[in-house]
Every structure is written in C-alpha cells, then in structure tokens.
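**Q**
There are 2 protein chains.
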Amino acid sequence: MINIEVVLSPALLHLSNVKDKNVVVIDILRATSTICTAIHHGASSIKALRTPEEAKLMSSHGYITAAERDGNKLEGFDMGNSPFECMNGKVQGKSIALTTTNGTKCIEAAENARARNVYSGSFLNLKAMALKLASEQTDVILLCAGWKDSFNLEDTLFAGALASEISSLTETDIDCDAALMSMDIYNLAKSDLVGYLKKSSHYKRLSHLHHEEDMVYCLQHSVFETVTGLVDSEMKKIV
Amino acid sequence: MINIEVVLSPALLHLSNVKDKNVVVIDILRATSTICTAIHHGASSIKALRTPEEAKLMSSHGYITAAERDGNKLEGFDMGNSPFECMNGKVQGKSIALTTTNGTKCIEAAENARARNVYSGSFLNLKAMALKLASEQTDVILLCAGWKDSFNLEDTLFAGALASEISSLTETDIDCDAALMSMDIYNLAKSDLVGYLKKSSHYKRLSHLHHEEDMVYCLQHSVFETVTGLVDSEMKKIV
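Protein chains in written order, with the working numbering: chain A, 1467 to 1705; chain B, 1467 to 1705.
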C-alpha cells in the first residue's frame, strides 16, 4: 500500500513529512520535462543549481551550462531550458549544469528534506515513472514546482495523472485533498491537455515567448521509458 | 472589470498584493459559515482572535466566548464552532469572541495586509456576497483557510462557486490558475456537494467527531441574504 500526497507549491513542502519518501519533482513547463529529455537523449548527468552564478562556475568542470529565468534563456550560457536543445546528439555523454526559475530549487529542497529518492517528473515518461514508484512500495510525495511558489495547472495535471497511474498499478491510500483534486482535474482535462492548458497562466506566458512547440512536446504521454532520478546529487538515468 | 484571484492557503498569501482589494476569507467547515450564521441570527459582532487565551479575556468585556481546536469545542468556553449554537436567539444582540483552528487567523492576516474590505465567505449567503462584490467593482482575493495551511477541497469549492457567481454578474478578469481550477472543481461537484466532499480529508475528520449535521448545513446554497464583513476589526452585518 502506497500513500500518495500532492504538494501544490514548494512553499507548502514544510507541511509534509518528506523523510524516507519518494519525491517526484514536477515542473512540466519545462525544467523536469527537459531533464527527462536530456537523460533520455544520453546526457550523463544534470546538476540542478539555484543560481546562474553557480551554474556558470560548472563550465570549468566540463559541464554544459544551462540557465533560464522567466521563460528566457540567459545570455552567456550554452543552453536555456528547452527540451529541443537536448536532442540530436547535442548532450550525448555530457554533464549539464542547469538553473531554472522554479524546478531546480525543488530538487534541492526534496534532497535536503531527506527524501529516499528524488525523481524528475514528466508526461513523457509517465508510465515508466509510475511503474518504478509502484515497484518500490514506498510512500510518494508529488511536489509541484508551480510558478514562483504559486499554484499552477500543468504541474497539478501531471500530479493527478501520475497518482491515477500509480493507483491503476498497485493499492494506494490517498487521504490528501490536493491529490484528490489533482486526479479530478486530470480526468477533466486528459482528453485534450493542450486545449485545457491554453487558459493557464504559464501557457500564456510561454506562448508570448514563442515556446508553443516546447509545450506541445512536454504534454506528450509516455513516449519514452527512461526514468530519471538523483544519484550523488545529480539527475541520472535510473531505468 | 474585476480581477479575481484565489489563494489556496494562508501560507501563500504573501505572494499576492492584497492592499486595497476586497478579501473574502473562506473557512467553509466551519468558521466563516458559523460567523455568517451568527450575524444572520442577530449577533451584533464577532471578534476573531488567534488564541483561546485572547478569546477568554473578552468574557470580562461582555462577549460570549467561542473556541474550537482540531474540530472540538474547547472546555471552559460558552460555545465551540458550530453554526447551530448561533440559532434560536442564543446570540441575538450579543458580541462573540471566536478563535478557531484555521479561519480566524486568516481574517487577521487579510486585515494586516491592508485589504479594502474583509468579508466572511459561506455557501449560505453566496449570492448576496457575489452581488456585494460585483457592485463594488474592486479586485477580489478569495482566501482559503485550508486545514493548518494545507489545501482543502471545501474552501476551494466555495472559491470556485463565488468566482463563477461574480462572473455571471459582471465582467471579470481571471488570470490565476488557482481560480480556474477552483471553478472547474466546483462545476464538477456542484450537483452534489455533500456527496463530492465525502472523500475529503476534513469531511472525514468532522464525521468522526459527529459533525455531519453541521456539514450538510454549511453546504446549503444561498439560504440567506445577510453579508458579513469587518467593521472596526469586528465582523458585523454589512447588508
């Protein structure tokens, strides 16, 4: 029996007992989708860092540097935060130092709260992620990165999708209103995720920045089977 | 044009600019429902206080004292937090000093953040509340009290209901994912709110404490037309 809890914002994480639980960090548009994509495309590791300065410093250690703030790639870095920058052999065998507006600090927060494992969540490998979590029979916290600590729809939708998928694979105990709401919202939206999210604040924000292709990509369901999680404080291929 | 924002937990209130906005504090089970009921049944005012000690002290100033923690009435107080304690003339013409687990601190927080007006939200006077807010043409923040800072379903449902009702009365601008989600969840649940909420954590908590009658009462839609809001730091009849 796996207990599943959804945390709707990093600012609410202190209310949950994270220790020894499996935490899935969720920043669908786009950090954790990009991390999963980079690992699937052969990156050897991704180090999530809080500040652009920290990410920049990793250049001298042979890392590709990647930085995004407010949806934009920062100048002076090798990459921004688009999954398309990780394809066609560009990250094959490479390590990446990544800092983003929302997602990367959640990875650190989950690690600091002594989670058993910290995974990177994405629709792209949803089924593989659910299989891994179900096989581990450890309680799960789904941590939505949100937008600058505010609630957002796309991370909530993924939390609902993953909670539903785990529940279809193994016995679960869901006594968390945020998880119940997430599952209901996912059910409502699942037939047309892109259409549903067009009303969301972040979709609009990224559309203005011409990232529509990224968003459509990030909302694809279970297109690869790689699972990405923290090993020695870097995101690596687990499955 | 009224901008509507939903804040899903008092722990997220700092992310919003509250100053000069109308704030509706929402603690459906049961603080704000009880406050609206008390005013509708003729209480002259309700002073929301953080601690039982503060509420107790008001006894010497002629207040009825009311205190609830974790769903239970505290010993040594005149009342707990049940709307039924406010009926049949029991509070007619009286002032009440009230402290509860979740709702009362939100009233103080909204006042401290310099809201233009602070209202007490309940399904019981939903239409009257929406009419008042629509008539004022001031931006609105719907502040869910939650349960000890965690997200809950019943406050979210009411936020969705009120946002929908205001939108049916006047032009609104809703660019807040929490508001969009709340409206969708309300739409999903509105045909049977009691049935929908039976899965929620707080409904289960209160059921164990035999408060089912309270919950069915608090989920009634627009049964009176009194509007309750802060005047000189006490909740009073506004309409």
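C-beta: ideal position from N, C-alpha, C; glycine also.
1) Return the chain-ordered list of same chain residues with a C-beta closer than 6 Å to the C-beta of T1566 of chain A, the five sequence neighbours on each side being excluded.
2) So, at 6 Å on beta carbons, what are the nonlocal neighbours of S1699 of chain B in its own chain, with the 5 sequence-adjacent residues on each side left out?
3) Note down, in chain order, all residues in the region 1642 to 1673 of chain B with a beta-carbon under 8 Å from any beta-carbon belonging to chain A.
4) Any idea if K1513 of chain A is buried or exposed, counting beta-carbon neighbours within 10 angstroms, 16 or more meaning buried?
5) Rounding to the nearest angstrom, what Cα-Cα distance links R1706 of chain A and L1474 of chain B in this structure?
6) Given this structure, state the Cα-to-Cα distance separating I1562 of chain A from A1576 of chain A, to the nearest angstrom.
7) With the cut-off set at 9 Å, would you say A1645 of chain A and V1472 of chain A are in Cβ contact?
8) So which residues of chain C does F1617 of chain B contact, with C-beta pairs closer than 8 Å?
9) Kindly say whether K1614 of chain A, judged by its beta-carbon, lies nearer than 9 Å to any beta-carbon of chain B.
10) Compare the C-beta of T1622 of chain B with all C-beta atoms of chain A and state if any pair is closer than 9 Å.
11) Taking 9 Å as the CB-CB limit, is L1675 of chain B close to chain A?
12) Check whether the region 1482 to 1494 of chain A touches the region 1646 to 1658 of chain A, counting contact only when three or more Cβ pairs, one atom from each stretch, lie closer than 8 Å.
13) Quick one: using the 10 Å Cβ neighbour count with 16 as the cut-off for buried, is M1647 of chain B buried or exposed?
14) Helix, strand or coil: how does DSSP classify T1638 of chain B here?
15) Is the distance from the Cβ of Y1662 of chain B to the Cβ of L1609 of chain B below 9 Å?
16) Would you call the region 1582 to 1601 of chain A and the region 1675 to 1694 of chain A in contact, with 3 or more CB pairs under 8 Å?
17) Does any CB atom of chain B fall closer than 9 Å to the CB of L1609 of chain A?
18) Can you grab the Cα-Cα spacing for the pair A1629 of chain A / V1697 of chain B, in whole Å?
19) Quick check: the Cα distance between A1596 of chain A and C1552 of chain B, rounded to an integer number of angstroms?
20) Counting contacts by CB-CB distance shorter than 9 Å, is L1685 of chain A in contact with chain B?
21) Report all residues from its chain with a CB closer than 6 Å to the CB of V1490 of chain A; omit the five preceding and five following residues, and keep chain order.
22) Expressed to the nearest angstrom, what Euclidean distance is found between the alpha-carbon atoms of T1517 of chain B and H1677 of chain B?
23) Look up T1500 of chain B in the DSSP assignment and say whether it is helix, strand or coil.
24) Hey, does L1599 of chain A have any beta-carbon neighbour from chain B nearer than 9 Å?
25) Report the residue from A:D1615, A:M1545 and A:I1651 whose alpha carbon sits nearest the alpha carbon of L1481 of chain B.
26) Could you give the DSSP three-state label for L1495 of chain B: helix, strand or coil?
**A** Quick answer:
1) Position 100 of the first sequence, counted from the first residue, corresponds to residue 1566 of chain A. Cβ neighbours of T1566 of chain A beyond the five flanking positions: A1497, E1534 and N1547.
2) Within the second sequence, the letter at position 233 stands for residue 1699 of chain B. Once the five neighbours on either side are set aside, S1699 of chain B has no close Cβ partner at all.
3) C1642, D1643, A1644, L1646, M1647, D1650, I1651, L1654, K1665, S1666, S1667, H1668 and K1670
4) Within the first sequence, numbered from 1, the residue matching residue 1513 of chain A stands at position 47. That one is buried.
5) Outside the shown range of chain A, which is 1467 to 1705, sits residue 1706 of chain A, and nothing can be said about it.
6) If you number the first sequence from 1, residue 1562 of chain A lands on position 96. If you number the first sequence from 1, residue 1576 of chain A lands on position 110. Cα-Cα distance, rounded: 20 Å.
7) The residue you call residue 1645 of chain A lines up with position 179 of the first sequence. The residue you call residue 1472 of chain A lines up with position 6 of the first sequence. Result yes, Cβ atoms of A1645 of chain A and V1472 of chain A sit closer than 9 Å.
8) Absent from the structure: chain C. Protein chains present are A and B.
9) Translated into positions along the first sequence, residue 1614 of chain A becomes position 148. Chain B contact via Cβ: present.
10) Here residue 1622 of chain B corresponds to residue number 156 of the second sequence, with the count starting at 1. By this cut-off, T1622 of chain B is an interface position.
11) Taking the second sequence and counting its residues from 1, the one referred to as residue 1675 of chain B is at position 209. So, not an interface residue.
12) no
13) As a working mapping, residue 1647 of chain B is identified with position 181 in the second sequence. Per the 10 Å Cβ criterion, buried.
14) Here residue 1638 of chain B corresponds to residue number 172 of the second sequence, with the count starting at 1. Note: T1638 of chain B maps to strand in three-state DSSP.
15) Taking the first residue of the second sequence as position 1, residue 1662 of chain B is located at position 196. Taking the first residue of the second sequence as position 1, residue 1609 of chain B is located at position 143. It is not a contact, given that the beta carbons lie outside the stated cut-off.
16) yes
17) Translated into positions along the first sequence, residue 1609 of chain A becomes position 143. So no, L1609 of chain A is outside the interface.
18) The count along the first sequence starts at 1 and reaches residue 1629 of chain A at position 163. The count along the second sequence starts at 1 and reaches residue 1697 of chain B at position 231. If I take the Cα positions, the gap works out to 45 Å.
19) Position 130 of the first sequence, counted from the first residue, corresponds to residue 1596 of chain A. Position 86 of the second sequence, counted from the first residue, corresponds to residue 1552 of chain B. Answer to the nearest angstrom: the Cα atoms are 49 Å apart.
20) Start at 1 with the first residue of the first sequence, and residue 1685 of chain A comes out as number 219. L1685 of chain A does not count as touching chain B.
21) Start at 1 with the first residue of the first sequence, and residue 1490 of chain A comes out as number 24. For V1490 of chain A, where only same-chain residues beyond five positions count, the Cβ hits under 6 Å are Y1585, G1587 and L1608.
22) As a first step, residue 1517 of chain B must be located in the second sequence, where it is residue number 51. As a first step, residue 1677 of chain B must be located in the second sequence, where it is residue number 211. Going by the C-alpha atoms only, they are around 23 Å apart.
23) The residue you call residue 1500 of chain B lines up with position 34 of the second sequence. Three-state result, T1500 of chain B: helix.
24) Locating residue 1599 of chain A in the first sequence gives position 133, where the first residue counts as 1. No, L1599 of chain A does not count as interfacial toward chain B.
25) On the second sequence, position 15 is the one that residue 1481 of chain B refers to. When each option's Cα is compared against that of L1481 of chain B, the closest is A:D1615.
26) Taking the first residue of the second sequence as position 1, residue 1495 of chain B is located at position 29. Looking at L1495 of chain B - three-state DSSP - the assignment turns out to be coil, as it is neither helix nor strand.
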